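Participant:
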Amino acid sequence: MTDTTIEQATAAASGAAATERFRGKQRTEGAEVDTKRVDTLATELLTAAYDIIRRHQVTYAEYDALKSWLIQVGEDGEWPLFLDVWLEHVVEEVASENRQGSKGTIEGPYYVHGAPSLPAEAKLPAREGEEGTPLLFQGQVRGVDGAPLAGAHVDIWHADNDGYYSQFAPNLPEWNLRGTVVADDQGNFKIHTIQPAPYQIPTDGSCGKLIAAAGWHAWRPAHLHFKVSAPGHQSITTQLYFTGDEHIGDDIASAVKPELILDPTPATDGHGREVTYDFVLDKA
Ligand code: MBD
Ligand code: FE
Numbered sequence: 001m002t003d004t005t006i007e008q009a010t011a012a013a014s015g016a017a018a019t020e021r022f023r024g025k026q027r028t029e030g031a032e033v034d035t036k037r038v039d040t041l042a043t044e045l046l047t048a049a050y051d052i053i054r055r056h057q058v059t060y061a062e063y064d065a066l067k068s069w070l071i072q073v074g075e076d077g078e079w080p081l082f083l084d085v086w087l088e089h090v091v092e093e094v095a096s097e098n099r100q101g102s103k104g105t106i107e108g109p110y111y112v113h114g115a116p117s118l119p120a121e122a123k124l125p126a127r128e129g130e131e132g133t134p135l136l137f138q139g140q141v142r143g144v145d146g147a148p149l150a151g152a153h154v155d156i157w158h159a160d161n162d163g164y165y166s167q168f169a170p171n172l173p174e175w176n177l178r179g180t181v182v183a184d185d186q187g188n189f190k191i192h193t194i195q196p197a198p199y200q201i202p203t204d205g206s207c208g209k210l211i212a213a214a215g216w217h218a219w220r221p222a223h224l225h226f227k228v229s230a231p232g233h234q235s236i237t238t239q240l241y242f243t244g245d246e247h248i249g250d251d252i253a254s255a256v257k258p259e260l261i262l263d264p265t266p267a268t269d270g271h272g273r274e275v276t277y278d279f280v281l282d283k284a
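Residue numbers (full-length UniProt numbering): 1 to 284.
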């Protein structure tokens, strides 16, 4: 029997994968939030909600719509997506307030720990004939004092030319367009990949339903994700965007900063585009 079924990317499938990923590995593994903090934060959050209900005379119809929507977010596994799209940018802003080095931005729901380790000049794992404009992304990792950080890790992940992330959409090789590039003894790296497409958050799930109900759009500008780390230094989690992108000014996830916009030029080897960007890390 031949299997002619083509598995579709669905909100529920990518949501379930993102939920499982988050449960398996968290950046703050083992951290506890004390009772006093929970009391303060939960009380203030609820107080803000009471104020909204009173000011806007929220009805039972609206209360029930909220209730069924919240139940649906859980059933779709879209809590990681919802939180990372609409809240994480402010958490990141607070967390990075006192950092001097390169700007960071949100991680989002699609990072996977443990991507294949690659040499300082490397092509990211990709399918035969991976669609998209070839992109050479190169640069150096340095400390705030300007010293090159030999052997720094540049962990990169991004969507394909259709806006899909490996491990969160069907029929993609496990580590497609993901890798941990180890910089050379001068902190330099050269990564050959393709330019990702703009990303539309799933429209068929609960987050999509909120977007449609509120009359918003579902787009993020095309972006590359990074986690950059070196011994004795603070890691940064960031994203880089492309000048001229249609959604650079209205990212649904509010994660664009002016320092994070790339302007690639035609590649010197005639294939696609290239751009140089250096990462600067604060001391730990
Ligand atoms: C993404 O690709 C992303 O980066 C974020 C922050 C949210 C949803 C999808
Ligand atoms: Fe992303």
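We treat Cβ as the ideally placed atom computed from N, Cα and C, and that holds for glycine. Source: prediction; values computed, not measured.
How big is the Cα-Cα spacing for A267 and I191?
Facilitator: Approximately 13 Å, taken between the alpha carbons.
Participant: Tell me which same chain residues have a C-beta within less than 6 Å of the C-beta of N229, skipping the five on either side of it?
Facilitator: Before going further, note that residue 229 is Ser rather than Asn in the sequence given. Closer than 6 Å at Cβ, skipping near neighbours: H153 and S235.
Participant: Using a Cβ-based criterion (distance less than 7 Å to any ligand heavy atom), does H247 qualify as near ligand 2?
Facilitator: no
Participant: Tell me S14's beta-bridge partners as DSSP assigns them.
Facilitator: Answer is none; S14 lacks a bridge partner.
Participant: Pick out the complete alpha helix (DSSP H) segments inside the segment 67-149, 4 residues or longer, and give them in chain order.
Facilitator: Under the rule that a run must span 4 or more residues, the alpha helix (DSSP H) segments found entirely inside the segment 67-149 read 79-86 and 88-95.
Participant: Whose CA, out of T28, I106, K36 and K67, lies closest to the CA of K257?
Facilitator: Looking at the Cα atoms, I106 is the closest of the given residues.
Participant: Using a Cβ-Cβ cut-off of 8 Å (strictly less than) and excluding sequence neighbours within five positions of A197, which residues of its own chain qualify?
Facilitator: G132, A159, D160, N161, D162, G163 and A222
Participant: Just how far apart, CA to CA, sit M1 and A284?
Facilitator: In this predicted model, M1 has a pLDDT of only 37, less than 50, meaning its place in the structure is not dependable; the value taken from the coordinates is given anyway. M1 and A284: Cα-Cα distance of roughly 58 Å.
Participant: Within 10 angstroms of its Cβ, does T5 collect 16 or more other Cβ (buried), or is it exposed?
Facilitator: Because the pLDDT of T5 is 45, which lies under 50, any placement of that residue in the model is unreliable, and the question is left without a value.
Participant: Considering just the uninterrupted stretch of the beta strand (DSSP E) at E274, what are its terminal residues?
Facilitator: Element bounds for E274: R273 to T276.
Participant: Less than 7 Å between the CB of R220 and some heavy atom of ligand 1, yes or no?
Facilitator: yes
Participant: Using beta-carbon positions only, say whether S117 and T180 come within less than 8 Å of one another.
Facilitator: yes
Participant: Taking the alpha carbon of A115 as the reference point, which residue from H225, D64 and Q239 has its own alpha carbon closest?
Facilitator: H225
Participant: Just to confirm my understanding: we take V73, look at its own chain, exclude 5 residues before and 5 after, and list those with CB closer than 7 Å. What are they?
Facilitator: W79, F82 and S206
Participant: For P266, list the residues DSSP reports as bridge partners.
Facilitator: R273
Participant: Does the beta carbon of H225 fall short of 7 Å from some heavy atom of ligand 2?
Facilitator: Yes, since a heavy atom of ligand 2 falls inside the 7 Å radius drawn around the Cβ of H225.
Participant: Give the DSSP-derived three-state secondary structure of S206 in the structure shown.
Facilitator: helix
Participant: Would you say the beta carbon of G208 is closer than 7 Å to some non-hydrogen atom of ligand 3?
Facilitator: Ligand 3 is absent from the structure shown, which contains only ligand 1 and ligand 2.
Participant: Quick one: what's got a C-beta closer than 8 Å to residue 287's C-beta in the same chain, skipping five residues either side?
Facilitator: The structure shown does not extend to residue 287, since the chain is modelled only from 1 through 284, so no value can be given for it.
Participant: Using three-state DSSP, classify Y164 as helix, strand or coil.
Facilitator: coil
Participant: When you compare the CB positions of D282 and H247, do they come within less than 8 Å of one another, or not?
Facilitator: no
Participant: Could you compute how far the alpha carbon of P202 sits from the alpha carbon of G208?
Facilitator: Rounded to whole angstroms, P202 to G208 spans 6 Å at the Cα level.
Participant: Return helix, strand or coil for I201, following the three-state DSSP convention.
Facilitator: coil
Participant: Check the DSSP bridge columns for residue 293 and list the partner residues they point to.
Facilitator: Outside the modelled stretch of the chain, which goes from 1 to 284, sits residue 293, for which no answer is possible.
Participant: Please look up how many angstroms separate the CB atoms of I252 and R220, rounded, as I've assumed it's under 8 Å.
Facilitator: 6 Å
Participant: Please state the DSSP three-state secondary structure of D155.
Facilitator: In this structure, D155 counts as strand in the three-state DSSP scheme.
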